[in-house]
Amino acid sequence: METSMNRRMLLATLGLTAALAAHANPEFKWTLAYLPVTGTTYYDAALQLPERIGKATKGRVQVTANGSLVPGTRMLEAVRDGDVQMSMVLSGYYTASQPLFTLVSLPGYSESFADLDRVMASPYGAAMREVFARDYKARELLFSAFCPQTVFSTKPVQTLEDWKGLRVRVNNAGTAVLANVLSAKPVSLSAGEVLPALQRGVVDAVVTDACWAYGAGFYTAVKHAAAWKLGSVVPWHVMVGQEAWAKLPADLQQAVEGELASMARELRADYAAKVEALPKQWEAKGVKYHVVTEAENRKVLDPKHMGAVQDAWYQQAKPRNVDAQKWEAVARDALKR
Numbered sequence: 072m073e074t075s076m077n078r079r080m081l082l083a084t085l086g087l088t089a090a091l092a093a094h095a096n097p098e099f100k101w102t103l104a105y106l107p108v109t110g111t112t113y114y115d116a117a118l119q120l121p122e123r124i125g126k127a128t129k130g131r132v133q134v135t136a137n138g139s140l141v142p143g144t145r146m147l148e149a150v151r152d153g154d155v156q157m158s159m160v161l162s163g164y165y166t167a168s169q170p171l172f173t174l175v176s177l178p179g180y181s182e183s184f185a186d187l188d189r190v191m192a193s194p195y196g197a198a199m200r201e202v203f204a205r206d207y208k209a210r211e212l213l214f215s216a217f218c219p220q221t222v223f224s225t226k227p228v229q230t231l232e233d234w235k236g237l238r239v240r241v242n243n244a245g246t247a248v249l250a251n252v253l254s255a256k257p258v259s260l261s262a263g264e265v266l267p268a269l270q271r272g273v274v275d276a277v278v279t280d281a282c283w284a285y286g287a288g289f290y291t292a293v294k295h296a297a298a299w300k301l302g303s304v305v306p307w308h309v310m311v312g313q314e315a316w317a318k319l320p321a322d323l324q325q326a327v328e329g330e331l332a333s334m335a336r337e338l339r340a341d342y343a344a345k346v347e348a349l350p351k352q353w354e355a356k357g358v359k360y361h362v363v364t365e366a367e368n369r370k371v372l373d374p375k376h377m378g379a380v381q382d383a384w385y386q387q388a389k390p391r392n393v394d395a396q397k398w399e400a401v402a403r404d405a406l407k408r
């Protein structure tokens, strides 16, 4: 079924930008840096943002998107340093240097889009935005969610015991610590290295966005998908540099914010449709899609496992003056659990 986001993406791809044509000389020219992670709501939004901002501002703001300009680990710095005016940030890539960002990638906190919404609407979300502003001179215009983080593997990973010795690619510090605690062997690889590593047997598994894995063709290298609750719904963010934003007059700021608020609502609906379709899509490609039992997920949350994960996070957070235990309490209060 075609979603509203897909229809809008098609229009953007076809270049139906009448508003931009009416203003051949835009007042503001911005570059948007993103990663070409096909199949995700992140990628859908990247394709649409130039056309939608142009139309919303009647061509006064021109955005040029570039999917190869900035690596994922430099998206915030690129905005801070003025290399680009906008970027689409995977905050999970910053968990090694920004321990505050780790919380939502830990088991038991953000296991659904609703969970993520509640946590990001809490003082925790405000604290994250303060880090964006203070350390990177950036303003968050929109956040949304990647499809559920899922374990894709060449052999079944359906029980806690299956993790033992597993060579698994992870994309954030929290999952790396958890993998170690579960006796797996975490491996750090860039997005472009993951599929070749699976194909060559360098790694046995990867924990990643199920929509991106499908769009990238991981079904050519794996036979199993396991939906664990290990911090399964992680965010991405559309950022703008404070300096670039301040140069816009109030009417254009309002126009951009209004358009991105509409986009956020559409992304939420599109996310639900994508997630619902995932099991059948993977099964159709010959990949066994397994929903991990609550009993197995509860084993991960056992203090003998989570205690070590939390301790590692606390130790990482302390030198950065991040009160990890405080933010855990804030998240639990927001989630009512």
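Numbering of the sequence shown is given in my numbering, commencing with residue 72 and proceeding in unit increments. Ideal Cβ placement from N, Cα and C applies to all residues, glycine included.
Distance between residue j and residue i (C-alpha atoms, nearest Å)
i, j, result
"Pro121", "Thr144", "22 Å"
"Ala244", "Ser181", "16 Å"
"Leu260", "Ala321", "42 Å"
"Glu354", "Thr225", "15 Å"
"Leu91", "Ala340", "At Leu91, the pLDDT of 43 sits below 50, so the modelled position is not reliable; the number obtained from the coordinates is stated separately. Going by the C-alpha atoms only, they are around 27 Å apart."
"Pro227", "Glu98", "55 Å"
"His308", "Ala366", "33 Å"
"His376", "Met157", "39 Å"
"Pro350", "Ala247", "26 Å"
"Gly130", "Lys100", "10 Å"
"His361", "Trp283", "18 Å"
"Ala405", "Ser193", "6 Å"
"Thr128", "Leu331", "12 Å"
"Asp115", "Val380", "34 Å"
"Ala317", "Tyr207", "15 Å"
"Thr230", "Ile124", "46 Å"
"Glu264", "Lys397", "36 Å"
"Pro178", "Gly163", "14 Å"
Residue i, DSSP secondary structure in three states
i, result
"Asn251", "helix"
"Ala93", "For Ala93, the pLDDT reaches just 46, beneath the cut-off of 50, and the residue's location in the model is therefore unreliable, although a value from the coordinates is still provided. If DSSP states are grouped into helix, strand and coil, Ala93 belongs with the helices."
"Met72", "Unreliable placement is indicated for Met72, whose pLDDT of 45 sits below 50; the coordinate value is still reported in the next sentence. In the structure shown, Met72 sits in coil (DSSP, three-state: anything other than H, G, I, E or B)."
"Lys294", "coil"
"Lys359", "strand"
"Pro170", "helix"
"Arg408", "coil"
"Thr102", "strand"
"Val380", "helix"
"Cys218", "coil"
"Glu182", "coil"
"Gln229", "coil"
"Thr246", "helix"
"Val393", "coil"
"Leu120", "helix"
Nonlocal neighbours in the same chain, by C-beta distance under 7 Å from residue i, ignoring five residues either side
i, result
"Val202", "Gln169 and Leu171"
"Val175", "Ser181, Leu187, Val190, Gly302, Val305 and Pro306"
"Gln352", "Tyr285"
"Asn414", "Any answer about residue 414 is impossible in this case: the structure gives the chain only from 72 up to 408."
Contacting residues, own chain, Cβ-Cβ under 8 Å from residue i (five flanking each side not counted)
i, result
"Glu328", "Leu212"
"Ala204", "Arg210 and Gln313"
"Gly272", "Thr225"
Cβ distance (whole Å) where residue i is taken to contact residue j below 8 Å
i, j, result
"Asp154", "Val134", "Not confirmed; about 15 Å, so no contact."
"Leu269", "Gly288", "Between Gly288 and Leu269 the Cβ distance is about 10 Å, and since that is not below 8 Å, they are no contact."
"Thr105", "Ala136", "Strictly speaking, residue 105 in this sequence is Tyr, with Thr absent from that position. Indeed they touch by this definition, with Cβ atoms about 6 Å apart."
"Cys218", "Asp280", "5 Å"
"Val222", "Arg238", "With a Cβ gap of about 12 Å, Val222 and Arg238 do not count as contacting."
Which residues DSSP lists as bridging residue i, in chain order
i, result
"Leu213", "Val309"
"Phe223", "Val277 and Ala296"
"Arg131", "None; Arg131 has no bridge partner."
"Arg240", "Val258 and Val277"
"Asn137", "Ala104"
"Ser158", "Ala104 and Met310"
Sequence-distant residues of the same chain with beta carbon closer than 6 Å to residue i, five excluded per side
i, result
"Gly286", "Thr109 and Gly110"
"Tyr385", "Ala395"
"Gln220", "Val278 and Ser303"
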